[in-house]
Amino acid sequence: MRNLDEHTVTQAVLDLIAGTPDARLKFILTGLITHLHDFAREVKMTESELQAGIDFLTKTGHKCDDKRQEFILLSDVLGLSMLTVAMNNRKPEGCTESTVFGPFHVDGAPAYENGADIANGASGEPCLVTGTVKDRNGVPIAGAELHVWQADSVGNYDVQYPDLETHQGRGVLRSQEDGSFEFRTVVAVAYPIPVDGPVGDLLLATGRHPWRPAHLHFMIKAKNYQTLVTHVFRNGDQYLDSDAVFGVRQTLVADWVKQADGRYTLNYDFVLNPANQAH
Ligand code: BEZ
Ligand code: FE
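All residue numbers for the sequence shown refer to numbering that gives the first Met the number 0, where the first residue is 0 and numbers rise by one.
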């Protein structure tokens with residue numbers, strides 16, 4: 000393994016990992032090494048560009064803590080998250096589509112009774128959210144666990160307030176015997192993804208805006224069904240066609256309806272796919 004050049008170094012690395020016992024790991028690493036080397040050759044990467052890339056990833060890591068996940072954000076703005084979601088969540092017609100998880104879900108959100116106010120002090124216009132969880136034949140799914148999270152009227156999630164000690168705009172509910180659920184919250188608004196880190200620098204350098212159209216996050220878990228990670232997006236939002244993280248699906252767009260008393264309502268029905276039934 001001497002005198003390797005720009006053409007022979009790739010095979011030398013591949014030869015070294017040829018004995019990787021885990022077949023899947025070997026397959027993934029082989030693809031990664033091959034594509035990384037081809038990429039460097041294609042763009043004729045300079046040493047200072049490689050260093051700039053390393054610096055960027057270092058800053059990305061330094062920006063992460065238990066409340067901030069800059070690597071997820073990076074994957075999101077590069078479309079990698081949505082690509083992975085699309086490949087891994089093909090479903091039969093009629094099932095609710097999946098979209099990106101995003102970096103703002105937290106474990107341990109409070110459990111609420113049906114009908115409760117999950118805003119718990121988050122700012123915003125009042126909104127009642129109703130809907131059902133069913134299977135593709137319209138059969139109600141009782142006892143499904145609905146994890147909900149959203150930003151407030153300023154466009155911030157509770158975890159973005161360093162001094163806030165309660166959970167706001169997030170909670171866990173269960174569907175009723177007839178598959179229905181309802182909760183009170185605040186109206187979702189469009190918001191920019193965090194731009195105070197390297198991902199923000201990347202957006203700026205590439206002339207991209209950081210906005211996401213208004214949405215509510217849902218993760219729905221039910222026994223014998225695939226877990227659904229999705230959003231409901233607000234119809235009419237100006238960013239539906241330019242979501243910074245490529246997450247919008249037309250079937251997930253719904254109307255937030257202003258009622259005579261000034262309050263908003265949103266109704267959305269979710270359809271789960273049985274476990275182990277890819278399309
Ligand atoms: C979110 O909707 O919470 C989100 C998703 C991807 C990147 C940033 C935020
Ligand atoms: Fe969000």
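Even for Gly, the Cβ is constructed at its ideal location relative to N, Cα and C.
Is residue i helix, strand or coil when you go by DSSP?
i	result
N87	helix
L82	helix
A141	coil
E69	helix
S279	In the structure as shown, the chain begins at 0 and stops at 278. Residue 279 is therefore absent and cannot be evaluated.
E181	strand
L127	strand
R1	coil
D157	helix
T59	helix
S116	In the sequence on display, residue 116 carries Asp and not Ser. In the structure shown, D116 sits in a strand (DSSP, three-state: E or B).
L163	coil
P197	helix
A17	coil
F38	helix
F269	strand
T9	helix
A108	coil
K133	strand
K257	strand
R23	helix
T95	coil
V76	helix
T29	helix
Heavy atom of the ligand FMN less than 7 Å from the Cβ of residue i, yes or no?
i	result
P102	Although the ligand FMN was asked about, the structure shown includes only the ligand BEZ and the ligand FE as ligands.
Check whether the Cβ atoms of residue i and residue j lie closer than 8 Å to each other.
i	j	result
L215	S97	no
Y224	I140	yes
Y263	F182	no
N187	D157	The question names Asn, but residue 187 is Ala in the sequence shown. No, the pair does not count as a contact, with Cβ atoms beyond the cut-off.
G142	S174	yes
D242	P193	no
L239	F245	no
P209	F55	no
V132	L271	yes
V128	L265	yes
L172	L145	yes
K25	I32	no
G170	F269	no
V105	D151	no
T57	F70	no
H36	T7	no
D254	N234	yes
G154	P102	no
R135	G93	yes
T205	F217	no
A189	D260	no
I want to see whether chain B comes within less than 8 Å of residue i, judged by CB atoms only; does it?
i	result
L79	In the structure shown, chain B cannot be found, because there is only a single protein chain.
Whole beta strand (DSSP E) runs in the segment 204-251 with 3 or more residues, listed along the chain?
DSSP runs (the beta strand (DSSP E)) wholly in the segment 204-251: 214-220 and 227-233.
I'd like to know if the segment 248-267 and the segment 106-116 are in contact, where contact means that at least 3 CB-CB pairs between them fall below 8 Å.
no
Contact between the segment 83-100 and the segment 163-172 (3+ Cβ pairs under 8 Å):
no
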